[in-house]
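Working notes, beginning with the structure itself.
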Amino acid sequence: MRIDYRTERYEAEVPVEAFTEDCVDVEKFVAFCRECHNHDRLWSCPEFSFDANEYWKKYSRLKLFGIKILMPEEVTAKEWTKEERGEIIEQTLWIEKQKLTEELFAMEKEYPGSISLSAGSCQVCGKDHCARIEGKPCRHPEQLRYSIEALGGDVGLTVTKYLGLELKWIEGDRIPPWFILVGGLLLP
Ligand code: SF4
122 MRIDYRTERY EAEVPVEAFT EDCVDVEKFV AFCRECHNHD RLWSCPEFSF
172 DANEYWKKYS RLKLFGIKIL MPEEVTAKEW TKEERGEIIE QTLWIEKQKL
222 TEELFAMEKE YPGSISLSAG SCQVCGKDHC ARIEGKPCRH PEQLRYSIEA
272 LGGDVGLTVT KYLGLELKWI EGDRIPPWFI LVGGLLLP
């Protein structure tokens with residue numbers, strides 16, 4: 122299946138202190154993580170051996186990057202099976218996530234002392250293949266990055282407040298008109 126989607130890019134920069142004050146509530150969002158399939162199964166997801174509040178405090182500025190993936194009408198106009206929805210996500214969201222990840226890794230090199238925030242959980246080893254499931258250490262710690270939500274951030278509020286966007290979700294068997302990926306770069 123070839124999907125003729127297009128993307129729009131959004132950026133913002135904010136002091137970390139202001140961001141965490143507005144958009145981070147570790148206790149509240151880790152409680153949602155505890156309901157998720159990935160909880161305690163991915164090294165990129167809670168529970169962590171460190172305090173997420175302290176993680177944010179190590180940095181002073183945050184660059185935010187939003188990729189809006191706009192779906193063509195032939196995708197949004199009909200219903201899809203679970204397998205088909207998975208394939209559509211593979212062909213759109215995961216392709217753009219990989220591109221954003223590579224871009225953020227390149228930026229880390231450009232900005233000494235920076236660390237990127239992943240757009241969602243780690244997928245380096247593939248779905249349901251994280252070493253954490255087997256009780257083993259991360260296989261690629263040099264590629265492991267945390268997402269805003271894993272560190273207690275409210276992604277919905279982040280995209281609205283700082284990028285002027287609105288998250289959309291899959292509803293039933295339908296693909297929404299757009300998906301939004303949100304990544305970041307924390308700077309010292
Ligand atoms: S790199 Fe592999 S082992 Fe490490 S967090 Fe990601 S999926 Fe898990």
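Per our numbering, numbering of the sequence shown is gapless, rising by one per residue and ending at 309.
Glycine included, C-beta positions come from ideal geometry on N, C-alpha and C.
Check: Following a CB-centred definition, is Val151 positioned closer than 6 Å to any heavy atom of the ligand SF4?; Outcome: no
Check: Distance, Cα to Cα, Ala173 vs Gly273?; Outcome: 7 Å
Check: How far does the alpha helix (DSSP H) with Tyr176 in it extend, from its first residue to its last?; Outcome: Ala173 to Lys178
Check: Spatial neighbours of Asp146 within its chain, please: C-beta separation below 8 Å, excluding the five flanking residues on both sides.; Outcome: Gly273 and Asp275
Check: Taking 6 Å as the cut-off, is the beta-carbon of Val164 closer than that to any non-hydrogen atom of the ligand SF4?; Outcome: This sequence places Trp at residue 164; Val is not what is there. Under cutoff, so the answer is yes.
Check: Scan the region 175-251 and note each continuous alpha helix (DSSP H) run of 4 residues or more that stays entirely inside, going in chain order.; Outcome: 194-197, 203-212 and 214-231
Check: May I ask which residues mark the beginning and end of the beta strand (DSSP E) holding Phe140?; Outcome: Counting along the chain, Phe140 falls outside any beta strand (DSSP E), though it belongs to the alpha helix (DSSP H) covering Val137 to Cys144.
Check: Specify the secondary structure class of Ile269 as computed by DSSP and reduced to three states.; Outcome: coil
Check: Below 6 Å, is the gap between the Cβ of Ala252 and the nearest heavy atom of the ligand SF4?; Outcome: yes
Check: Taking Phe300 as part of the alpha helix (DSSP H), name the residues at either end of that continuous run.; Outcome: Run containing Phe300: none in the alpha helix (DSSP H); it sits in the beta strand (DSSP E), Trp299 to Leu308.
Check: Alpha carbons only, please: which of Lys230, Phe226, Gly207 and Ser237 is nearest the one belonging to Lys248?; Outcome: Gly207
Check: What do you reckon, are the CB atoms on Ile209 and Leu302 nearer than 7 Å?; Outcome: no
Check: Assuming Glu217 contacts Ile190 under a Cβ cut-off of 8 Å, what Cβ separation, rounded to an integer in Å, is found between them?; Outcome: 6 Å
Check: Can you tell me the Cα-Cα spacing of Phe186 and Tyr131, whole angstroms?; Outcome: 6 Å
Check: Would you be able to state if there are at least three C-beta pairs under 8 Å between the region 214-231 and the region 291-299?; Outcome: no
Check: Note down, in chain order, each residue of its chain lying with its Cβ closer than 6 Å to the Cβ of Cys144, except the 5 sequence neighbours on either side.; Outcome: Gly274, Asp275, Leu278 and Thr279
Check: Got a sec? Which residues, its chain only, sit under 7 Å from Pro167 by beta carbon, not counting five neighbours each side?; Outcome: Val151, Cys154, His160 and Ala271
Check: Quick check: what's the CA-CA separation for Ser165 versus Glu200?; Outcome: 32 Å
Check: I need the straight-line Cα distance from Ile296 to Thr197, nearest angstrom please.; Outcome: 5 Å
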